[in-house]
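J.: From first to last, the protein sequence lines are chains A, B, C and D.
Reading the first sequence from the start, the letters are residues 198 to 523 in our numbering.
Reading the second sequence from the start, the letters are residues 15 to 284 in our numbering.
Reading the third sequence from the start, the letters are residues 73 to 494 in our numbering.
Reading the fourth sequence from the start, the letters are residues -12 to 315 in our numbering.
Each residue gets a CB set at the ideal place from its N, CA and C atoms; glycine is no exception.
Nothing here was measured: the structure is a model prediction, and the numbers come from that model.
Pasting in a structure now, in structure tokens, and then I'll have a few things to ask.
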Amino acid sequence: MKTIKTAINNIDLRRFRFWLQLFFFALLMYGGYFAIDLGSRLPTFACAFNEAGRGGICYLFPLQHQLGVPSSRLFSWAGLAVLQGLLIFSLWFFALNKAWCGYACPLGTIQDWITALRNRLGIRYSRYSQGQFRQLSRIKYLLLALMILIPLGVGAALLPHEMGTPFCDICPARMVLPMFTGDFSQLTIDFSSKTTMIMTTLGLLITGLFFTGAFFKKRFFCFFCPMSALHYLLSKPALLKLKKDGNKCTSCGDCYRVCDMEIREIADEVNETNIMQDDCIMCLKCVAHCPEPDALKATFAGIPIFSSTEQGFIKRMHKGQKHEQQ
Amino acid sequence: MNYYAGIDIGSTAIKAALIDDEGKIVGTHIAPTGSSFHKNALDTFMNLLNQHGIERQAVKFITATGYGRKLFKEADDSISEITANAIGAYEAGKAFGGVRTIINIGGQDSKAIQIDVQGNVSNFAMNDKCAAGTGRFLDVAARNLEIDLEELGDYHFAGRNAPLTINSTCAVFAESEIIGLLAKGHGKQEIVSGIHYSIARRTVRLAKRVGIEDRVYFDGGPALNKGLVAAMQDELGRELVIPEHPQTTTAFGAAILARSLFLAESKEEA
Amino acid sequence: MNSSEADTYYLSRQAREAEATLEQLQDDFPDNPQAMQYFYDLFHRVYGQGEIIKHSGKLVGTTCIHAPEELIYAFGATPVRLCNGSYHYDQIGADFMPAKSCSLVKATLGSLQAKAAVPNTQSLDLIVNPTTCDQKTKASAMMSAMGYKVEDLELPPAKESEEARLYWQRSVRRLATRLRELTGNKLTRKKLQHAMARTSRAQTAFRTLHQLRKSAPTILLGKDAFLVTNAYFFDDIERWTAAVEQLNNELLQRQQDGFQAAQKRAPRILFTGSPPIFPNLKLPILIETSGGVVVADETCSANRMLYDMTAVDEWRLNDMVDSLADRYLKPCTCPIFTRNDDRQRRLLQLATDFKVDGVVYQAFSGCQVYEMEYRSIADALAERGLPMLYVETDYSPDDMGQLSTRIEAFLESIKTRKRQAL
Amino acid sequence: MKRLCTFAPWLLAGLVWHGSLQANSLWWSESMPHTESSSTQHAHGGPVEIRRGIYHKNLWLRTGDSLAKGSYLDEASVDTSNAKIFLLDVKGEIKPLVAGKPHGAFGVNFAMPDEGFYNLYLISEQFSESTRMINIAKAEVLKHSCREGHDHVQALMSPRQHDELPLEIIRLRAPAENFHSATHFGDNVQFQLLHHGQPLAGASVTLYTAQGWRNTMETDANGKVSFMMIRDYYPPWSEFKRRHRQDYVVQAVHNVPADEHAATSAYQQTRYETTLNGSYYPSTRDYRSYGYGLLLGTFALSFTAVAVYVYRRRGQQRFKEVRFDEDN
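See below:
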């Protein structure tokens, strides 16, 4: 048992994560062609607009539809469907916590590929300053609130029907993901009504911004994603947890340095054991880059599955130096 | 009948103590350290034996302590004077109902030791860098005032008005300050009590660093000086436990340790 | 005496002091590991005979652990740590330093002042002086007054905030520019990566040594460990790493054989506070001759200098230089920073890892930052039930008497407590 | 406003003048006689009335020589006494219906309990000089509600025909058609002309749109004919409605010499005329513009890229930031 444990703790996380992300990407983007259907309550961006290939549907799409029904019906017994949807979403979510973002989300995977491309081109990545970080990380809650209120407004006939799925209109995944199954129809401005025109324009502007952002800033969009906000509200009871033993931490800041989402608390927080933050995508790069044995670990239902080890750290950092032997 | 000896080779005086099998004190002997302390230490020990007519072989175990402990070849074992003082005070203190804090003012240093209920040293602080607040300070003052050490006590109580505040923190400056006060026509009594209070204040500050617990044991040569004891009690605000031979507590502690080490060794052999 | 004889004279007094300490290290303790012979000879050659330190490219002296040596290596220069531990240079330094000031800084300035300094660094091309404690910061003006080129590496007074971190990263990058002007070489990704690899190999060797010293009963005395890390100041990094790896193998062998470097119930001491620098290993030697054993330390001449490693996300120049900056600032437990929570946590963790019985806290007289932290460290350790001995000393050997009394009393109190606990 | 106009070539091909709508042509229509908004709701099969959960469909009979001006019937204008109206429902049973006057015009209202296609037929017979004229008006209506789910759709998709009918047009399904798909401008719609259930080759079939465009094609060997739906909805941009419904009627005329049937009648030939109505919507290409979409997307991308580049370059000067160029 011990050897398996050390073998896991010393794996090359970068390669493991690349293949796992590729697997989830294929599952969620092309699962449909193999008649895979994981249902419509997935806590990740399995985009519904990728009709043919999708292996399941991102929960935000049906959520907005359900909230968009006329208020009389929504607040009647029929409204239970929303709670039922939320329940299934939570069950899916409790399994992997925010690892859905770090490993499963196709949009996240694409952003990681863009980052890898930037790195190969030798272009420096940007970081937010601390002030920017605090303001920007509030946007996702604003988007989540809008995503819930607008459909309610549509249901109460305050807003035009075309705004039924407001977030899906502006979400870059709607434009980017169908492209991977050859469907470029989303890259259009819909002039059929003023609302759709504005929403699709916003969508395309954000998609343009998405590509540049993802190029310069690691995991650019995950910062503003309402799904991550929704995740965080449910993240307490999740099974997969990120634990830190503050006593073992020498606050060397390695975890903060490699964190794609630039979360400071991971290095500074030494009292809490559960250090899950709202921006965290559980990519576990921090655990891989922590030299202190068992200072950081990911536990599934209490059982540590991946914890930081000194040999693992040294192996990974050596791997980074191909020229070391010269 | 077995006997056990403890020799405390201090900076100014060599003290030897002898105890019997039950740990009762048989006798003590004090002699000035002088220059060749190795010979003097041996002589003090032999004098002590002769006084009580005990052969050298009867003394089963000798423990040396104090500055010269490592160089006294006769000794079977050596122990630091802090631990020895603690053991000695703990034993002697039992008669007074147990002690927890020990203040020792030696010839060239002053120590404050805190012991726990079993008598182990839990914390200690030493001032051995500066002669102020040590026996040396009293010797210098007595010489300047041309008074014998033993009379210092009486002068302390004879003083009519309030003791002067000798604020010098250094024994060398204190000398010039005393001469200055004499020139101003202050009485010797006020100066002596002033000196006692200055030493008392310094020593209590040292003790505070260690933490003062009930029944404070006060030993070392200057403990014989009643004036100083009064000043200390005034500063501390509590009674002090003074043994009748304050100078030999450390040597007594070393002797007790010698006995327990010997008994432990003999038990191991048996 | 004209200057050359004076130099040899100084050399000889300095050499005698070093030789005395070396003899103490070797002869007062039975069965030292064979692998330590490399280090004894190294110190004998460098300190005793004043052998010149070989270096490739420019010689860059650093007065603190905060100067990133990987950066200096990457520019083709060789770093050498100038902190000096000899009482002899302490006396020379005392001429132009206040009476109650840190012996280390006095000794460093003294060695820089003496032309034939030991370790013989000949002509230093540049001194990188991180602005850590007050006395080292003020010392930089004195060094430039002596004619040395000095680069002040500005260190933030607090390290928790993001501004401090960015400020420090800019300082390190400015150092890189200065090094580029000095050496004329261009910083490339390959060179920096190569330098970081060498340093991380050295750190890996140190960490293995660190893990090995956790074994109880202990297999290596603290004085040897300090000598090993002190050798890192000036020795060639690859030779040093090889020697430490050899020592590790021998210690591993010792561990398997169940070898005991000290008696069974010797109190295991954690050494912290002002750094013991050869030849001022007076306190560790005293502890170990009085029956204790220094199993772990938290000082900037050993653990704090080599323990924390650098993690890099993208192997690109900017990211690597910033990672280096982070590694030298964030984990540092130096008392010059405003808060010392990291240091308390580090000490408590070392105490648990190494099953430590007592802590010896050395503070050079005149070093206010360490003296001021004494109270908070004492409370933190008392909470854990760990006895701590606070020793205020300097490089002069004449307080050995008082020190030995304190050390012995402290060790005896631990021994009786341990016997009680059995 | 660049509109993709794909039908220009077709228009220029010239019109083949065959049969055309006469005054007595009959066809079914879903458009309301007068456009007050009643309780109809939009469903997948077009406007329906939902009473106690059961969908009810209204269809009105119209006549005239052009779709747009086709007039609604009231009792007197056309002799519908011998008109037979019946409904071929999803299960294939035939249920005769009684005409009524829903919303004040001659039409029929029937319930559609089951999911699937309902065929409504009206057969009326007339005589004039020497020909017997049989007019058949057919309407194919879909009933679907998403609540019923979508697993049964494939089974009910295929068009049904009624063999006794002398002449019938059925609309053939598009390859991946389901209950949610609709005909759009520019789509190819295929029909099949059946004579007593057998495909009729060589007959001419004409498609009329509400704006008056029409096109006539010959049926091929197995009676199939396909039309490209013309785009004839050009509202000013702001009034464009994505769900604007356009009606069309497909008509076929077939003359048969008299002797073929009852010997006693005093006519030489029988003229069968059948119509099938339907509707179509604007295609997505009409209101979706790739041009603007890609323009905006690339503008946003390049603008932010340049902004970041300038920020990084300017960022260097402001702080005297030391940056290393990565190319070595």
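1) Between T203 (chain C) and chain D, is any beta-carbon pair separated by less than 7 Å?
2) Within the same chain, show all residues whose beta-carbon is closer than 8 Å to that of R418 (chain C), passing over the 5 residues directly before and after it, in chain order.
3) Identify every run of the alpha helix (DSSP H) within the stretch 212 to 287 of chain A, keeping only runs that are complete inside it and at least 4 residues long; order them along the chain.
4) So, with DSSP's three-state summary, where would you put P501 (chain A)?
5) Are any of the Cβ atoms in chain A nearer than 7 Å to that of M218 (chain C)?
6) Taking the straight line between their C-alpha atoms, what separation do you get for A176 (chain B) and E204 (chain B)?
7) Can you tell me where the alpha helix (DSSP H) with S216 (chain C) in it begins and where it stops?
8) Answer yes or no: does any C-beta atom of chain A fall closer than 7 Å to that of S84 (chain C)?
9) Since V176 (chain D) contacts F214 (chain D) with CB under 8 Å, what's their CB separation in whole angstroms?
10) Helix or strand or just coil, what does DSSP make of T264 (chain B)?
11) Verify the contact flag: P488 (chain A), CB atom, against every heavy atom of the ligand GDP, threshold strictly below 6 Å.
12) Identify, in the order they occur along the chain, each residue of the same chain with its Cβ nearer than 6 Å to the Cβ of A144 (chain D), setting aside the five sequence neighbours on each side.
13) Spell out the partners DSSP gives R317 (chain A) in its beta bridges.
14) Assign K256 (chain C) to buried or exposed, taking buried as 16 or more other Cβ atoms, counted over all protein chains shown, within 10 Å of its Cβ.
15) State the Cα-Cα distance for the pair G253 (chain A) and V140 (chain D), rounded to the nearest angstrom.
16) Strictly below 8 Å CB to CB, what residues from chain C border E313 (chain D)?
17) Return the residues of the stretch 444 to 464 of chain A that lie within a Cβ-Cβ distance of less than 9 Å from chain C, sorted by chain order.
18) Would you say K532 (chain C) lies against chain A (beta-carbon separation less than 7 Å)?
19) Exposed or buried, what is N134 (chain B) when buried is set at 16 or more other beta-carbons lying within 10 Å of its beta-carbon?
20) Is Y18 (chain B) buried or exposed, if buried means 16 or more other CB atoms sit within 10 Å of its CB?
21) Skipping 5 residues on each side, what residues in its chain have a beta carbon closer than 6 Å to that of Y119 (chain C)?
22) Which residues in chain F have a C-beta closer than 8 Å to the C-beta of N134 (chain B)? List them in chain order.
23) Could you spell out where the beta strand (DSSP E) holding S243 (chain C) opens and where it closes?
24) Is T97 (chain B) close to chain C? Criterion is C-beta to C-beta, closer than 7 Å.
25) Give me, in chain order, the residues of the same chain whose beta-carbon lies closer than 8 Å to that of T290 (chain C); leave out the 5 immediate sequence neighbours on both sides.
26) Report yes if the CB atom of L178 (chain B) is closer than 7 Å to the CB atom of G149 (chain B), and no otherwise.
27) Ends of the alpha helix (DSSP H) at H241 (chain D)?
28) Looking only at its own chain, which residues have a Cβ that is under 6 Å from the Cβ of E105 (chain B), when we skip the five neighbours before and after it?
29) P351 (chain C) by DSSP, collapsed to three states: which one?
30) Which whole-angstrom value is the C-beta distance of T180 (chain C) and V152 (chain C), which I expect to be below 8 Å?
31) Is there a Cβ of chain D sitting closer than 7 Å to that of R245 (chain C), yes or no?
32) If you draw a straight line from the C-alpha of F286 (chain A) to the C-alpha of S425 (chain A), how long is it?
33) Please state whether DSSP places F278 (chain C) in a helix, a strand or coil.
34) Using only CA atoms, which one of A:H358, A:L406, A:V484 and A:L224 lies nearest to V373 (chain A)?
35) For E95 (chain B), which residues of its own chain have a beta-carbon under 6 Å away from its beta-carbon, when the five flanking residues on both sides are left out?
36) With H, G and I counted as helix, E and B as strand and the rest as coil, what does DSSP make of D113 (chain C)?
T.: In brief:
1) no
2) E370 and T405
3) 257 to 264 and 268 to 271
4) strand
5) no
6) 7 Å
7) D206 to A217
8) no
9) 6 Å
10) helix
11) The ligand content of the structure shown is nil, which means the ligand GDP is not present either.
12) Here residue 144 (chain D) turns out to be Met, not Ala, going by the sequence shown. Around M144 (chain D): R160.
13) Looking at the DSSP assignment, R317 (chain A) forms no beta bridge with any residue, so it has no partner.
14) First, the residue type needs correcting, since residue 256 (chain C) is Gly and not Lys in the sequence shown. It counts as exposed.
15) 21 Å
16) R261, R388, L389 and N390
17) N444, K445, C446, T447, S448, C449, G450, D451, C452, Y453, R454, V455, C456, D457, R461 and A464
18) The requested residue 532 (chain C) does not occur in the structure, where chain C is confined to residues 73 to 494.
19) buried
20) buried
21) A90 and V190
22) Chain labels in this structure do not include chain F; the protein chains are A, B, C and D.
23) No beta strand (DSSP E) contains S243 (chain C), which is instead part of the alpha helix (DSSP H) from E234 to T255.
24) yes
25) Q332, A333, A334, A338, R340, V365 and V367
26) no
27) Run containing H241 (chain D): none in the alpha helix (DSSP H); it sits in the beta strand (DSSP E), Q233 to P244.
28) I270
29) coil
30) Going by Cβ atoms, the distance from T180 (chain C) to V152 (chain C) rounds to 12 Å, so no, they are not a contact pair.
31) yes
32) 13 Å
33) helix
34) A:L406
35) T79, G80 and T264
36) helix
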